[in-house]
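Written below as structure tokens is the structure these notes are about.
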Amino acid sequence: QSALTQPPSASGSPGQSVTISCTGTSSDVGGYNYVSWYQQHPGKAPKLMIYEVSKRPSGVPDRFSGSKSGNTASLTVSGLQAEDEADYYCTSYGGSNIYVFGTGTKVTVL
Amino acid sequence: QITLKESGPTLVKPTQTLTLTCTFSGFSLTTSGVGVGWIRQPPGKALEWLALIYWDNDKRYSPSLKSRLTITKDTSKNQVVLKMTNMDTVDTATYYCAHEPTMIQGAFDYWGQGTLVTVPS
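Taken in sequence, the protein lines are chains H and F. Taking our numbering, I'd label the letters of the first sequence as residues 2 to 111. Taking our numbering, I'd label the letters of the second sequence as residues 4 to 124.
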């Protein structure tokens with residue numbers, strides 16, 4: 002099972018939006034609605050931001066939204082804030098009772 | 004309040020077996036649907052899913068590491084143990100355990116702080 006493909010970096014100015022893609026195959030992202038997104042600040046544990054493609058856990062701002070089209074899932078951060086600068090990882094159920102993470106995207110707030 | 008904490012050796016020699024313990028509180032691994040997973044992250048690299056155990060003792064492993072991994076639980080101690088055999092330098096990483104809630108498949112909502120394991124060359 003190969004890692005899901007994410008762009009290495011993305012950036013935007015405060016107040017703007019940034020969208021991160023997560024590309025897999027029909028055996029993982031495209032086959033199931035079990036895509037999650039995590040935010041990770043340096044030296045910290047990951048934090049769940051989105052689960053089941055587009056659902057937000059309690060306490061996550063509605064500036065964070067998720068979607069999926071075919072084999073590609075996306076995370077959009079609207080109204081960028083300085084504290085959104087972090088690494089973001091997607092993950093998907095990959096069938097056969099396994100999960101796979103993405104390659105990670107570093108988001109920079111300019 | 005759910006908390007998890009990883010413990011184990013910080014240094015493991017090549018070919019040795021790594022044993023990590025995740026001690027948790029605030030939930031029970033006898034509750035239907037609940038799981039505890041292990042994820043690792045080599046320095047400066049991406050997260051990698053390793054293994055997951057559910058309340059009913061259903062166990063899942065990364066295909067690429069399955070032959071080296073064993074995950075078990077001790078519900079009386081609120082602990083999950085991960086063993087990884089034949090350690091190598093490429094296994095140097097921060098190892099996290101995390102809670103998968105009931106009814107939310109494949110998403111970890113609470114994580115431990117992580118423990119750095121180094122395998123020297």
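For every residue, glycine included, the Cβ atom is placed at its ideal position computed from N, Cα and C.
Mind checking who E51/F pairs with in its DSSP beta bridge?
R43/F
What did DSSP end up calling E9/F once you bin it into helix, strand or coil?
strand
Pick out whichever of P12/F, T22/F, E9/F and D77/F has its Cα sitting closest to the Cα of S31/F.
D77/F
Between T6/H and T20/H, how many whole angstroms is the CB-CB distance? I'm expecting something under 8 Å.
Not really, about 15 Å apart at Cβ, beyond 8 Å.
According to DSSP, residues forming a beta bridge with L76/H
I21/H and G67/H
Of all Cβ atoms in chain B, is any one closer than 7 Å to the Cβ of L50/F?
Absent from the structure: chain B. Protein chains present are H and F.
Shortest alpha-carbon distance to D91/F belongs to which of A101/F, S10/F, V122/F and L7/F?
V122/F
If you pair each beta-carbon of the stretch 88-102 of chain H with each one of the stretch 24-39 of chain H, do three or more pairs fall below 8 Å?
yes
Is there at least one Cβ from chain H nearer than 7 Å to L117/F's Cβ?
In the sequence as presented, Leu is not what sits at residue 117/F; that position holds Gly. Chain H, which has a Cβ nearer than 7 Å to the Cβ of G117/F, makes this yes.
Less than 7 Å separating the beta-carbons of N1/H and S27/H?
With chain H covering only 2 through 111, there is no way to say anything about residue 1/H.
How many angstroms separate the CA atom of L53/F from the CA atom of S59/H?
26 Å
What do you get for T41/H, buried or exposed, if any count of 16 or more other CB atoms within 10 angstroms of its CB means buried?
For clarity, residue 41/H is Gln in the given sequence; the question names Thr instead. Classification for Q41/H: buried.
If we cut at 7 Å on Cβ distances, does W58/F have a partner in chain H?
no
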